[in-house]
Ligand SMILES: C[S@@+](CC[C@H](N)C(=O)[O-])C[C@H]1O[C@@H](n2cnc3c(N)ncnc32)[C@H](O)[C@@H]1O
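Numbering (the working numbering), first residue to last: 2 to 271.
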């Protein structure tokens, strides 16, 4: 018996940061390739517990930052993290609703930042979100994404089977079987009105740049992670849920053949 509706609620309750492919390395990869000037307006879609919002602000204090998420549990954790890091006056958060417009004006953002959100949408939700992101980006604005995608050798049937198991075990799919594929992801983004400036698999990436490998400004966010871990260890409910998630993870993803990879992209609205 678990105490959460889906595994993301559990991770939100214990302040988990960088809930995406390659973790912090994935976010640093995006930061390196985003080539930000440092004064842009940035919106993070699906900001989770807010770790990337804080990382962005610490690396580029001049950014105007906001984030949004569907989950109130995630937003509560993000709000606490941002306050804990002393950034509550500088970061705005929005509660979003599935299939409803993002509450931001047309052509208002220089950057939309997304990590592990698009690939877990169904076809219709993905289409809707890509249109919404295009609407809020300024012409020439950047869409910066890290999504975990099925590798080309994985058939749609295999991906669907794994998704069913994940849905049963964790309450969410691993990645959309039709769209979130390494072999067609670039086409999907391009047909929605973007040109691709950069793309690449995260694991093989080494060019993180000296400033971005430093944690010294981000220590309060790390401490917030640590407080979440402590909560998990002392609270019987969270400890038992965490053990179950790890056990189920080993059962569902037991194959030694690699089926997914984290993939970074910087695209530009035209
Ligand atoms: C795997 S988590 C990643 C969280 C965060 N981006 C990170 O990397 O740590 C996916 C997040 O996307 C949010 N989400 C899913 N669908 C969404 C949607 N349509 N709009 C906004 N947020 C969404 C979830 O609530 C969750 O916080």
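From the three backbone atoms N, C-alpha and C, an ideal C-beta is built for every residue, glycine too.
Can you tell me which of 199, 39, 125, 49 puts its alpha carbon nearest to the alpha carbon of residue 58?
Checking every option, the nearest Cα to that of residue 58 belongs to 39.
Let me confirm a value: residue 90 is counted as buried when at least 16 other C-beta atoms fall within 10 Å, else exposed. Which label applies?
So residue 90 ends up on the exposed side.
Where does residue 141 land, buried or exposed, given buried means 16+ other C-beta within 10 angstroms?
The residue in question, residue 141, is exposed, as its Cβ has fewer than 16 Cβ neighbours within 10 Å.
Can you give me the Cβ contacts of residue 189 inside the same chain, cut-off strictly under 7 Å, excluding the 5 residues immediately before and after it?
Contacts found: 180.
Are there three or more Cβ pairs, one per stretch, closer than 8 Å when the region 189-205 is compared with the region 22-37?
Because the criterion of three Cβ pairs below 8 Å is met, the region 189-205 and the region 22-37 touch.
What residue range does the alpha helix (DSSP H) around residue 44 cover?
Premise fails: residue 44 lies in the beta strand (DSSP E), 42-46, not in any alpha helix (DSSP H).
With a threshold of 7 Å, establish whether the CB of residue 1 neighbours any heavy atom of ligand 1.
The first residue shown for the chain is 2 and the last is 271, placing residue 1 beyond what the model contains.
Just checking residue 121 against ligand 1 - is the residue's beta carbon closer than 7 Å to any of the ligand's heavy atoms?
Because some heavy atom of ligand 1 lies under 7 Å away, the Cβ of residue 121 counts as near it: yes.
In angstroms with no decimal places, state the Cα-to-Cα distance between residue 42 and residue 86.
The straight-line gap from Cα to Cα measures roughly 20 Å.
Are the Cβ atoms of residue 120 and residue 253 separated by less than 8 Å?
Going by C-beta atoms, residue 120 is not nearer than 8 Å to residue 253.
When we look at the beta-carbon of residue 162 and count the other beta-carbons within 10 Å, is it buried (16 or more) or exposed?
When all chains shown are included, residue 162 counts as exposed.
In angstroms with no decimal places, state the Cα-to-Cα distance between residue 194 and residue 139.
Cα-Cα distance, rounded: 12 Å.
Among 227, 263, 269, 9, whose alpha-carbon lies nearest the alpha-carbon of residue 82?
It is 227.
Locate the alpha helix (DSSP H) running through residue 26, then write down its first and last residues.
Taken as a continuous stretch (DSSP letters only), the alpha helix (DSSP H) holding residue 26 covers 24-35.
Do you know how far the Cα of residue 233 is from the Cα of residue 240?
Distance between the alpha carbons of residue 240 and residue 233: 5 Å.
Does ligand 1 have a heavy atom nearer than 7 Å to the CB of residue 42?
Not under cutoff, so the answer is no.
Taking the alpha helix (DSSP H) that residue 149 belongs to, which residues open and close that run?
First-last for residue 149: 138-151, but that is the beta strand (DSSP E), not the alpha helix (DSSP H).
Return yes when the C-beta of residue 202 is under 7 Å from any heavy atom of ligand 1, and no when it is not.
No, the Cβ of residue 202 stays beyond 7 Å of every heavy atom of ligand 1.
Determine the extent of the beta strand (DSSP E) in which residue 8 is found, giving its start and end residues.
From DSSP, residue 8 is part of no beta strand (DSSP E) but of the alpha helix (DSSP H) over 8-14.
Put residue 262 into one of helix, strand or coil per three-state DSSP.
Note: residue 262 maps to strand in three-state DSSP.
Using the DSSP secondary-structure output, state which residues sit across from residue 200 in a beta bridge.
According to DSSP, residue 200 bridges with 266.
Nearest to residue 9 by alpha carbon, out of 184, 167, 192?
Checking every option, the nearest Cα to that of residue 9 belongs to 167.
Which residue from 237, 56, 27 puts its Cα closest to that of residue 116?
Of the candidates 237, 56, 27, the one whose C-alpha sits nearest the C-alpha of residue 116 is 27.
Less than 8 Å between the beta carbons of residue 261 and residue 130, yes or no?
Not in contact: residue 261 and residue 130 (Cβ atoms no closer than 8 Å).
Give, in chain order, every unbroken run of the alpha helix (DSSP H) that is at least 4 residues long and sits entirely within the region 155-190.
Runs found: 157-171.
Can you tell me which of 134, 259, 229 puts its alpha carbon nearest to the alpha carbon of residue 271?
Ranking the options by Cα distance to residue 271, first place goes to 134.
Pull up the distance between the alpha-carbon of residue 74 and that of residue 14, whole angstroms please.
Going from the Cα of residue 74 to the Cα of residue 14 covers about 7 Å.
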